[in-house]
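Student: Chains as they are written, first to last, in the numbering used here: chain A, 3 to 474; chain B, 66 to 285. Just so it is clear, CB atoms sit at the ideal spot from N, CA and C, and this is done for glycine as well.
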Amino acid sequence: MKPAAGLHWMRSLRFRLLAATLVAVALALVLAGLLLASLFRDHVMRQFSQGLNAQLDQITARLEFDAAGQPQLDPQALTDPRWSRPYSGLYWQVDGANIEQQRGVLRSRSLWDATLVLPSDALADGAVHVHEVKGPDGARLLLVERTITRDDLRATPWRLIVGSDLRETVSAVGRFNGVLAASLAALLALLCAAALAQVAIGLAPLRALQRRLMLVRAGTAQRLDGMFPQEVQPLIDDFNAVLDRNAEVVTRARAQAGNLAHAIKTPLAAMSQAAAAAVQRPDACADLATLVEEQVGVARRHVDWHLARARAAAAQGLPGARVTLQPVIGGLLRVMERVHAERRLTLQCAPMAADLAFAGEVQDLQEILGNLLDNACKWARHEIHVSATPIESAGGGRLRIVIDDDGPGIEPDRRDAVMARGARLDESVPGSGLGLAIVNELVGLYGGSVQLYAAPIGGLRVEVELPRGIPT
Amino acid sequence: MRVLLVEDDPTLRAQLRVGLEEAGYVVDEADNGRDGHHLGATESFDAAILDLGLPVLDGISVLKRWREAGLTLPVMILTARDSWHEKVAGIDAGADDYLAKPFHMEELLARVRALIRRAQGLASPVLQCGTLALDTRSGRVTLNGQSVNLTSHEYRLLSYLMHRPGTVVSRTELTEHLYSQDFDRDSNTIEVFVGRLRRKLPPETIETIRGMGYRLVAPP
Chain A
3 MKPAAGLHWM
13 RSLRFRLLAA
23 TLVAVALALV
33 LAGLLLASLF
43 RDHVMRQFSQ
53 GLNAQLDQIT
63 ARLEFDAAGQ
73 PQLDPQALTD
83 PRWSRPYSGL
93 YWQVDGANIE
103 QQRGVLRSRS
113 LWDATLVLPS
123 DALADGAVHV
133 HEVKGPDGAR
143 LLLVERTITR
153 DDLRATPWRL
163 IVGSDLRETV
173 SAVGRFNGVL
183 AASLAALLAL
193 LCAAALAQVA
203 IGLAPLRALQ
213 RRLMLVRAGT
223 AQRLDGMFPQ
233 EVQPLIDDFN
243 AVLDRNAEVV
253 TRARAQAGNL
263 AHAIKTPLAA
273 MSQAAAAAVQ
283 RPDACADLAT
293 LVEEQVGVAR
303 RHVDWHLARA
313 RAAAAQGLPG
323 ARVTLQPVIG
333 GLLRVMERVH
343 AERRLTLQCA
353 PMAADLAFAG
363 EVQDLQEILG
373 NLLDNACKWA
383 RHEIHVSATP
393 IESAGGGRLR
403 IVIDDDGPGI
413 EPDRRDAVMA
423 RGARLDESVP
433 GSGLGLAIVN
443 ELVGLYGGSV
453 QLYAAPIGGL
463 RVEVELPRGI
473 PT
Chain B
66 MRVLLVEDDP
76 TLRAQLRVGL
86 EEAGYVVDEA
96 DNGRDGHHLG
106 ATESFDAAIL
116 DLGLPVLDGI
126 SVLKRWREAG
136 LTLPVMILTA
146 RDSWHEKVAG
156 IDAGADDYLA
166 KPFHMEELLA
176 RVRALIRRAQ
186 GLASPVLQCG
196 TLALDTRSGR
206 VTLNGQSVNL
216 TSHEYRLLSY
226 LMHRPGTVVS
236 RTELTEHLYS
246 QDFDRDSNTI
256 EVFVGRLRRK
266 LPPETIETIR
276 GMGYRLVAPP
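1. Taking 7 Å as the cut-off, is the C-beta of B/Leu-226 nearer than that to any heavy atom in the ligand SAM?
2. Please list the partners that B/Ile-156 has in chain A, where partner means a Cβ-to-Cβ separation under 7 Å.
3. Any C-beta of chain B within less than 7 Å: which residues of the region 370-399 of chain A qualify?
4. Can you find the residues in the same chain that come closer than 7 Å, C-beta to C-beta, to A/Leu-193, ignoring five residues on each side of it along the sequence?
5. What residues in the region 214-237 of chain A bring their beta carbon closer than 7 Å to a beta carbon of chain B?
6. Measure the C-alpha to C-alpha separation of A/Arg-336 and B/Gln-80 and round it to an integer number of angstroms.
7. DSSP on A/Cys-379, reduced to helix/strand/coil?
8. For the alpha helix (DSSP H) containing B/Trp-131, name the first residue and the last one.
9. In the DSSP assignment, find the beta strand (DSSP E) that holds B/Lys-166 and state where it starts and stops.
10. When you compare the CB positions of B/Ala-112 and B/Val-177, do they come within less than 8 Å of one another, or not?
11. Within the same chain, show all residues whose beta-carbon is closer than 6 Å to that of A/Gly-450, passing over the 5 residues directly before and after it, in chain order.
12. Just confirm the distance between the C-beta atoms of A/Val-420 and A/Leu-371, as a whole number of angstroms; I'd bet it's less than 8 Å.
13. Could you tell me whether the Cβ atoms of A/Val-294 and A/Cys-351 are closer together than 8 Å?
14. Alpha carbon to alpha carbon, how far is B/Gln-246 from B/Trp-131? Give it in angstroms, no decimals.
15. What are the residues in the region 162-180 of chain B lying within 8 Å of chain A by C-beta distance?
16. Output needed for A/Leu-476: all residues of its chain with C-beta closer than 7 Å, excluding positions within five of it in sequence on either side, in chain order.
17. Starting from A/His-387 and walking both ways along the alpha helix (DSSP H), at which residues does that stretch end?
18. So B/Asp-93 and B/Leu-69 are in contact, right, with Cβ under 8 Å, and what is the actual spacing, rounded?
19. Can you tell me which of the three DSSP states B/Ser-217 falls into?
20. Would DSSP call B/Ile-142 helix, strand or coil?
21. Thinking B/Asp-116 and B/Glu-72 are a contact (beta carbons under 8 Å), I'd like their distance in whole angstroms, please.
22. For the pair the region 59-68 of chain A and the region 162-176 of chain A, tell me if three or more CB-CB distances fall below 8 Å.
23. Are at least three pairs of beta-carbons, each pair with one atom in the region 355-375 of chain A and one in the region 133-145 of chain B, less than 8 Å apart?
24. Can you check whether the C-beta of B/Val-206 is within less than 8 Å of a C-beta belonging to chain A?
25. A/Val-130 lies in the beta strand (DSSP E); which residues open and close that run?
26. I'd like to know whether the C-beta atoms of B/Leu-226 and B/Leu-187 end up nearer to each other than 8 Å.
27. Consult DSSP for A/Gly-449 and reduce its assignment to one of helix, strand or coil.
28. Kindly indicate if chain A contains any beta-carbon less than 8 Å away from that of B/Ser-126.
29. Does the beta carbon of A/Arg-303 come closer than 8 Å to any beta carbon on chain B?
30. In chain B, which residues lie with their C-beta within 7 Å of the C-beta of A/Gln-365?
31. Between B/Arg-132 and chain A, is the shortest Cβ-Cβ distance under 8 Å, so that the two count as touching?
32. How many angstroms separate the CA atom of A/Met-338 from the CA atom of A/Pro-236?
33. A/Gly-450 touches chain B at which residues, Cβ-Cβ below 7 Å?
34. Here's a check: name, in chain order, each residue in its chain whose Cβ is nearer than 6 Å to the Cβ of A/Pro-5, leaving out the five neighbours to either side.
35. Can a CB atom of chain B be found closer than 8 Å to the CB of A/Gly-362?
36. Grouping DSSP H, G and I as helix and E and B as strand, with all else coil, what is A/Pro-329?
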């Protein structure tokens, strides 16, 4: 019965809820982490280059030119001690226009004997450019440069470069990313716990329902008691209705089985007694065959009667049952024509509305009309007339089915007797004598009625009133 | 008259077989729907008695297949559930009559007799051919009101011919309908029985049509 493990997980409501939540949360956190890291990195880099720009401005302001037009810069004028400590991470350099000979004409002391090599690019006067290059000790450097030209002398452009080590910035970004990842992971764990709790609390009624169901299965409870969330309550109500109906059907079936067993015991006892007597006096058992025949007949009537009742009872309590009259009557008339072909009867069915329907089970309608038509065919001389019409009454729509035959009919004072169970007025015509009684019982179960009259064509008229099905 | 009996309950099948054979029918039987369908579709029968609750293939399906294949033999269905629903389904599937279990043997025999007569378009249970009369109910044969004593084989042969007055019936057809499929059909028993019948009835009653078969002619 247990499905495969993978399938089992997919079919778990809890797993589905958890999986969906976790995927969404993890995705959101990863995206947030990436965004925050990139924002922080941008911010730090901007700060960093702003600092460099300030340094560049300072260098630019301190730069002077001698009579030959060569740039001069007094290292004493620069206050930052990093300018003079070798490989301190903060450098400046002045390149001439002729890059091959004039690279690094002036350099900070911190550069020691190294020069900064910049990609050559066309520069507008005064504009600031940013580059990233390898520094003297192999560290990554961020450089800002500016080209300046003295206006009063022969125009020789000079490139002023200020560079700074990115090591600290990179490590700061790294530290920030580490902390960010750790806090996001903690957040993820927290959200997971919340999701678990949510699913557990949300699905708790289902687990309670499962326990109730197990009680029902174990037989300790008859129905699913208790209030459930409004999403599942309709389901529970329907299920309870099914359980109630089941219990009712089982009770009824038990009662009927009991009745039937009881009813059959009597003929069995009679036969058993007769058999015992026959064993004692084998010479005086001439009547044994007749007795067995008789008692088997009695038992058979009981079986027929209870079967018919069981069929009728099973149909009860099914709301919305509806069966169109015309096809049922048509099918039964075909049976009658075939089975009573010998008698050459004329079976006439008056035209009826195509949507005229009976509010009940098709089998019950067949049982009612089949028995009545069969009776009519057994007694009729030549003709049988069938008609069905809707009638209006106080308790909702009903319909009336009339079956006339031209047989001998039944005297008015004997009409009640034939409706009684097992009555047979004429033993010469085959039949169990249950037909009319079963019809009466079935019609009664549907709250209808059966009336016997004299038919205008000479024989018996049977009028059946039944609840009418609502046209769809 | 040859009858196909399809019934899965061995007790009921044996009872039916005995009853039918005592009434002068030749019986072939099957205990499931598939074999029953095959027998009915390949052999010649005068009627079939078909139980509805059969193993392998249910009775309604057997009946529908026969009718779809154009088989017209009269079929009587037996049902254990005496419900009109099943009766309607059976008749609509092509059955000619139904009988609900349990039933009396006499009723079954009466219905089968009626089915076979109806299939030949004969209305009366007493078959008449001139002064010769055969009462299918009692199995009595009379000539000019005088009782004629026939053995069961002679009766079967005459009954088959009486059901088809004026029609030429071939020797093969007679063999097929008067003996079950296990019978050795090469023998010339039909001729022997025709000879015996001619001695008991006016000889010209059974006419031999050379190369075709026999025909029943109203005796003078």
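Tutor: By the coordinates alone:
1. The ligand SAM is not part of this structure, which contains no ligands at all.
2. Here residue 156 of chain B refers to the residue found at position 91 when the second sequence is read from its first residue. Chain A residues near B/Ile-156: Arg-336, Val-337 and Arg-340.
3. Gly-372
4. As a first step, residue 193 of chain A is located in the first sequence; it is residue number 191 there, counting from the start. Closer than 7 Å at Cβ, skipping near neighbours: Val-27.
5. none
6. In the first sequence, the residue the question calls residue 336 of chain A occupies position 334. In the second sequence, the residue the question calls residue 80 of chain B occupies position 15. Approximately 31 Å, taken between the alpha carbons.
7. The residue you call residue 379 of chain A lines up with position 377 of the first sequence. In this structure, A/Cys-379 counts as helix in the three-state DSSP scheme.
8. Taking the second sequence and counting its residues from 1, the one referred to as residue 131 of chain B is at position 66. 124-133 is the extent of the alpha helix (DSSP H) around B/Trp-131.
9. Here residue 166 of chain B refers to the residue found at position 101 of the second sequence. Where B/Lys-166 is concerned, there is no enclosing beta strand (DSSP E), given that its DSSP letter is neither H nor E.
10. Numbered from its first residue, the second sequence carries residue 112 of chain B at position 47. Numbered from its first residue, the second sequence carries residue 177 of chain B at position 112. Closer than 8 Å, so yes.
11. Here the question's residue 450 of chain A lines up with position 448 in the first sequence. Counting only Cβ-Cβ distances below 6 Å, and skipping sequence neighbours, we find Glu-467 and Leu-468.
12. In the first sequence, residue 420 of chain A corresponds to position 418, counting from 1. In the first sequence, residue 371 of chain A corresponds to position 369, counting from 1. Incorrect: roughly 17 Å between the Cβ atoms, too far for contact.
13. Here the question's residue 294 of chain A lines up with position 292 in the first sequence. Here the question's residue 351 of chain A lines up with position 349 in the first sequence. Taking 8 Å as the Cβ cut-off, A/Val-294 and A/Cys-351 do not qualify as a contacting pair.
14. In the second sequence, residue 131 of chain B corresponds to position 66, counting from 1. In the second sequence, residue 246 of chain B corresponds to position 181, counting from 1. Going from the Cα of B/Trp-131 to the Cα of B/Gln-246 covers about 19 Å.
15. Asp-162, Tyr-163, Pro-167, Glu-172 and Ala-179
16. Residue 476 of chain A lies beyond the stretch modelled for chain A, which goes from 3 to 474, so this question has no answer here.
17. One-based indexing of the first sequence puts residue 387 of chain A at position 385. No alpha helix (DSSP H) contains A/His-387, which is instead part of the beta strand (DSSP E) from 385-393.
18. Looking up residue 93 of chain B in the second sequence gives position 28. Looking up residue 69 of chain B in the second sequence gives position 4. Going by Cβ atoms, the distance from B/Asp-93 to B/Leu-69 rounds to 5 Å, so yes, they are a contact pair.
19. For this step, residue 217 of chain B is matched to residue 152 along the second sequence. B/Ser-217: helix per DSSP, three-state reduction.
20. As a working mapping, residue 142 of chain B is identified with position 77 in the second sequence. In this structure, B/Ile-142 counts as strand in the three-state DSSP scheme.
21. For this step, residue 116 of chain B is matched to residue 51 along the second sequence. For this step, residue 72 of chain B is matched to residue 7 along the second sequence. The Cβ separation is near 4 Å, so the contact holds.
22. yes
23. no
24. The residue labelled residue 206 of chain B in the question sits at position 141 within the second sequence. Not an interface residue.
25. Position 128 of the first sequence, counted from the first residue, corresponds to residue 130 of chain A. That run of the beta strand (DSSP E) goes 130-136.
26. As a working note, residue 226 of chain B is residue 161 in the second sequence. As a working note, residue 187 of chain B is residue 122 in the second sequence. No, the Cβ-Cβ distance between B/Leu-226 and B/Leu-187 is not below 8 Å.
27. Residue 449 of chain A sits at position 447 when you count from the first residue of the first sequence. Coil at A/Gly-449, not helix or strand.
28. On the second sequence, position 61 is the one that residue 126 of chain B refers to. No, no contact with chain A.
29. For the purposes of this step, residue 303 of chain A is identified with residue 301 of the first sequence, where counting begins at 1. No, because no Cβ of chain B sits closer than 8 Å to the Cβ of A/Arg-303.
30. Counting from 1 along the first sequence, the entry for residue 365 of chain A is found at position 363. In chain order: Ser-148 and His-150.
31. For the purposes of this step, residue 132 of chain B is taken as residue 67 along the second sequence, with counting starting at 1. So no, B/Arg-132 is outside the interface.
32. Numbered from its first residue, the first sequence carries residue 338 of chain A at position 336. Numbered from its first residue, the first sequence carries residue 236 of chain A at position 234. Going from the Cα of A/Met-338 to the Cα of A/Pro-236 covers about 47 Å.
33. Residue numbering aside, residue 450 of chain A sits at position 448 when the first sequence is read from its first letter. In chain order: nothing, as chain B lies at least about 17 Å away.
34. Working through the first sequence from its first residue, we reach residue 5 of chain A at position 3. Unreliable positioning characterises A/Pro-5 in this predicted model, as indicated by a pLDDT of 46, which lies under 50. A coordinate reading is not provided.
35. The count along the first sequence starts at 1 and reaches residue 362 of chain A at position 360. For A/Gly-362, the answer is no, since every Cβ of chain B falls outside 8 Å of its Cβ.
36. Indexing the first sequence from 1 puts residue 329 of chain A at position 327. Of the three classes helix, strand and coil, the one that applies to A/Pro-329 here is helix, per DSSP.
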